[in-house]
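Peer 1: Sharing a structure, written as structure tokens. Questions coming.
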Amino acid sequence: MSKNNKTPADGPTDDTAPINFEKAMAELEQLVTQMEEGDLSLDDSLQAFERGIKLTRQCQHALSQAELRVKTLTAADTLEDLTQEDA
Numbered sequence: 026m027s028k029n030n031k032t033p034a035d036g037p038t039d040d041t042a043p044i045n046f047e048k049a050m051a052e053l054e055q056l057v058t059q060m061e062e063g064d065l066s067l068d069d070s071l072q073a074f075e076r077g078i079k080l081t082r083q084c085q086h087a088l089s090q091a092e093l094r095v096k097t098l099t100a101a102d103t104l105e106d107l108t109q110e111d112a
């Protein structure tokens, strides 16, 4: 394993600032790619892993919130089946 000048995901360093779901997923994919290449140092790999865990938790939270919104919107059972005319 050789060390180069790559940093984990070459992304934001502020781990506390939430980012939107799509950006978090894109950064996660980039982290996975960099880690799979095997060119990161042990330190950089651990930082990438830690960042990946934080991003995963943010994504899980965002998905939970979206699921809750969908359940709230459909809880009143106000949705109607589509008819042929609606299609």
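Whatever position you read off the sequence shown (first residue = 1), add 25 for the working numbering. For each residue, glycine too, the CB sits at the ideal point set by N, CA and C.
1. How is the alpha helix (DSSP H) around ILE78 delimited, first residue to last?
2. My guess is that GLN90 and ALA49 are in contact by the Cβ rule of under 8 Å, so how many angstroms apart are they, rounded?
3. Among GLU62, THR97 and THR81, whose alpha-carbon lies nearest the alpha-carbon of ASN45?
4. For GLN72 and GLU62, I'd like the C-alpha separation in whole angstroms.
5. Alpha carbon to alpha carbon, how far is LEU56 from PHE74? Give it in angstroms, no decimals.
6. Within 10 angstroms of its Cβ, does LEU53 collect 16 or more other Cβ (buried), or is it exposed?
7. Quick check on DSSP: helix, strand or coil for THR108?
8. Any idea if ARG94 is buried or exposed, counting beta-carbon neighbours within 10 angstroms, 16 or more meaning buried?
Peer 2: The answer reads as follows:
1. Taken as a continuous stretch (DSSP letters only), the alpha helix (DSSP H) holding ILE78 covers 67–100.
2. Between ALA49 and GLN90 the Cβ distance is about 13 Å, and since that is not below 8 Å, they are no contact.
3. Minimum Cα distance to ASN45 is reached at THR81.
4. Looking at the two C-alpha atoms, the distance is approximately 15 Å.
5. Straight-line Cα distance between these residues: approximately 8 Å.
6. LEU53 should be labelled buried.
7. It is coil, neither helix nor strand.
8. Result: exposed.
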